[in-house]
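In UniProt numbering, the protein residues as written are 1 to 560.
Here a beta-carbon is modelled for each residue, glycine too, at the ideal position from N, C-alpha and C.
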Amino acid sequence: MLDSIASVLHQVPELALFLALALGYALGQIRFGPIQLGGVCGTLIAALLIGQLGITLDASVKNVFFMLFIFALGYAGGPQFFANLNAKGLRLGILCLIEVVVVLALVLLATRFLGLDQGTAAGMMAGAATESAVVGTATDAISKLALPAARIAELQANVVTAYSITYIFGLIAIVIVTSQIFPLLLRVNLREEADKLWEKMGGAQAEGDGVQATPEMVGRAYRISRGAGRRLDALQHIFAGRASITRVRRHGKVLTLEPALRLRANDEVLVIGHRPALVAAEAVLGEEFADTTGLNMAVSAVEVVLQQAALVGQPLRQLALPSGVHVAAVVRGEHSMPPLPDLALQRDDVLRLYGTKDGRELTTALAAIGKRVPTGDRSNIVYASIGIVLGVYIGGFTARLGGIPFSLGTGGGALLTGLVFGWYQARKPGMQGIPSSALDMMKDIGLATFIACVGLASGPQAIDLIRQYGLSLPLMGVLIAVVPASLSLLVGHFFLKLEAPVLLGAIAGQQCSTPALSAVQNAAGNSTPLLGYTITYAISNVVLPLLGPLIVALAGSVHA
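In structure tokens form, the structure reads like this:
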């Protein structure tokens with residue numbers, strides 16, 4: 001049976017690629033407590049096993065897909081990377097600096113005392129730091145070394161094998177320490193601290209699971225009793241911009257809404273707004289009722305990119321939105337932030353506005369904030385292709401740092417042009433760019449295919465590397481994950497004075513670990529850890545991949 005499968009895979013090696021993707025993503029979905037390997041790591045393990053059969057693909061396949069991935073990575077992160085180049089972003093950027101310096105130091109020490117080659121050193125750094133993009137930038141840098149082809153292939157195989165071993169242990173370590181051990185060291189109840197921060201930022205008390213499981217924006221109908229005699233403008237003040245009365249019906253007739261309109265007993269009103277505000281509205285207005293015939297109305301949700309300089313850094317509550325318009329969500333980069341009144345806005349945040357479909361209020365709100373994000377799912381292939389071409393060209397230049405030749409390589413160049421092209425497109429939202437769904441596809445299929453290709457090529461040598469270093473690589477994976485995180489915990493707590501949820505989210509972000517963020521959010525019970533995660537993630541997601549060529553050059557100098 002195995003021989004017949006191997007024969008088919010040798011005849012059509014492309015099947016091995018898709019088999020590795022299918023098995024890898026299936027493996028990556030298996031959850032071991034709070035740990036989930038994910039599709040990329042699962043694909044690598046599957047490819048290494050299939051690679052034992054001696055099946056390889058043409059090198060151009062992995063190169064093309066890696067270019068797609070690394071450009072999309074930069075494109076998606078560009079707006080937030082440049083938006084965080086401010087005082088607050090650079091303050092949390094200290095944690096990213098700790099990550100870079102400590103990881104480099106530990107990897108170079110291991111290279112010196114364990115006698116690691118350049119490929120193993122780079123793979124160990126990529127895995128322990130849980131940054132898969134380093135695999136691509138490092139293997140690309142190794143391909144440009146003045147070494148025999150066989151030695152280059154061996155070093156590239158070592159990158160993948162070392163990554164696969166250290167990633168598993170680094171992932172487990174960072175998930176456990178951020179969500180379980182660090183709160184104990186801080187001597188805090190993380191859920192209580194997250195609830196306090198949520199309320200401090202203007203959020204209503206609610207169970208964390210309820211906030212995630214129910215829609216943020218809702219509409220409800222009330223029959224006025226307690227609210228009789230109140231004017232609409234007074235009620236708007238009570239709701240503090242979190243809800244609005246959008247329709248009033250009296251004796252079967254819909255009234256014209258005016259600030260001075262005074263409600264009477266038995267008036268029927270439709271209120272639209274944030275769910276926590278409407279939960280408390282019954283105590284202000286009267287009994288809620290289910291039959292909304294005659295009150296119901298159409299609403300629209302539009303997205304706008306924040307570009308008004310006066311709003312940058314201001315809390316969400318400072319948005320002077322017309323009555324009936326509410327911010328349903330704030331999307332920052334790839335993450336949806338909690339739309340709390342005291343959430344500080346950043347340039348290029350995407351605000352999802354919710355309001356009546358037929359009114360002019362949405363148009364007024366759009367003009368006051370920035371430019372509307374056009375709807376559509378078509379990608380600008382010309383724009384993306386030019387960006388990749390420029391990136392590959394820039395990556396071909398070589399500079400000498402302290403006598404050590406250094407070049408960004410194909411990956412680093414495409415990453416930088418992706419950053420610039422993504423930032424420019426965010427500043428020009430009317431220009432056709434690349435939709436987020438297409439970017440996700442480019443990143444997922446690009447990285448997974450690249451990892452599968454190098455895993456297949458590295459399969460025969462994987463066992464030899466494991467035998468050579470034994471437990472050294474797993475132990476270094478844990479060490480490189482935990483040491484910089486622990487130092488960041490000390491600096492963030494004692495010097496930066498960060499709240500526990502923000503600090504733990506920032507530590508997860510400095511290592512670009514989405515599983516760690518998920519574990520911290522589950523422990524916190526709400527999404528406040530995102531306040532720190534988005535900043536450090538945006539910085540580390542750019543800086544860490546650039547370390548691939550650097551560690552190859554430095555590890556080579558250590559051996560020299």
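In the DSSP output, which residue or residues are listed as bridge partners for residue i?
i: proline 315; result: Ala344
i: histidine 493; result: Looking at the DSSP assignment, histidine 493 forms no beta bridge with any residue, so it has no partner.
i: glycine 219; result: Ile272
i: valine 254; result: Arg249
i: phenylalanine 82; result: Its beta-bridge partners do not exist; DSSP assigns none.
i: arginine 231; result: Arg262
i: histidine 326; result: Tyr354
Give the DSSP-derived three-state secondary structure of residue i in the structure shown.
i: lysine 196; result: helix
i: leucine 297; result: Sequence check: residue 297 is methionine here, not leucine. In this structure, methionine 297 counts as coil in the three-state DSSP scheme.
i: phenylalanine 71; result: helix
i: asparagine 541; result: helix
i: isoleucine 55; result: coil
i: valine 331; result: strand
i: glycine 370; result: strand
i: methionine 337; result: strand
i: glutamate 303; result: strand
i: isoleucine 224; result: strand
i: arginine 378; result: coil
i: alanine 485; result: helix
Kindly list the residues whose CB is nearer than 7 Å to the CB of residue i, restricted to its own chain and excluding five residues on each side of it in sequence; keep chain order.
i: glutamate 268; result: Ala221, Arg223, Arg249 and Leu295
i: threonine 96; result: Before going further, note that residue 96 is cysteine rather than threonine in the sequence given. Cβ neighbours of cysteine 96 beyond the five flanking positions: Gln510, Thr536, Ile539, Ser540 and Val543.
i: leucine 447; result: Val40, Phe69 and Ser132
i: methionine 431; result: Gln425
i: proline 501; result: Leu190, Glu193, Ala194, Leu197, Ala524, Thr528 and Pro529
i: threonine 256; result: none
i: alanine 16; result: Leu9, Ile50, Ile55 and Leu456
Check this for me: beta carbons of residue i and residue j, under 8 Å apart or not?
i: alanine 138; j: glycine 548; result: yes
i: alanine 225; j: glutamate 131; result: For the record, residue 225 in the displayed sequence is serine; it is not alanine. For serine 225 and glutamate 131, no; Cβs fall outside 8 Å.
i: isoleucine 142; j: glutamine 118; result: yes
i: proline 545; j: valine 175; result: no
i: residue 573; j: glutamine 346; result: Residue 573 lies beyond the range of the chain shown here (1 to 560); nothing can be said about it.
i: leucine 530; j: glycine 492; result: no
i: aspartate 377; j: serine 437; result: yes
i: alanine 457; j: threonine 120; result: no
i: serine 385; j: proline 435; result: no
i: valine 304; j: leucine 340; result: no
i: glycine 422; j: tyrosine 75; result: yes
i: glycine 170; j: glycine 477; result: yes
i: valine 271; j: serine 300; result: no
i: alanine 6; j: leucine 23; result: no
i: valine 284; j: glycine 227; result: yes
Say the cut is 7 Å; is the CB of residue i nearer than that to a heavy atom of the ligand HEM?
i: leucine 550; result: Summarising the ligand content, the structure contains no ligands, and the ligand HEM is consequently not present.
For residue i, I'd like the list of residues in its chain whose CB is within less than 8 Å of its CB, leaving aside the five on either flank, ordered along the chain.
i: alanine 93; result: Rather than alanine, the amino acid found at residue 93 in this sequence is glycine. Same-chain partners within the cutoff: Asn84, Ile535, Thr536 and Ile539.
Excluding the 5 residues preceding and the 5 following residue i in the sequence, name in chain order all residues of the same chain whose CB lies nearer than 6 Å to its CB.
i: alanine 72; result: Leu439, Met442 and Lys443
i: histidine 326; result: Gly273 and Tyr354
i: proline 259; result: Leu232 and Asp233
Please report the residue range of the alpha helix (DSSP H) in which residue i lies.
i: phenylalanine 18; result: 14–28
i: methionine 125; result: 118–128
i: glycine 170; result: 149–176
i: threonine 111; result: 87–114
i: asparagine 522; result: 514–524
I need the boundaries of the beta strand (DSSP E) containing residue i, first residue and last residue.
i: glycine 387; result: Glycine 387 -> not in any beta strand (DSSP E); alpha helix (DSSP H) instead, spanning 381–395.
i: alanine 243; result: 243–250
i: leucine 353; result: 350–356
i: glycine 286; result: 286–289
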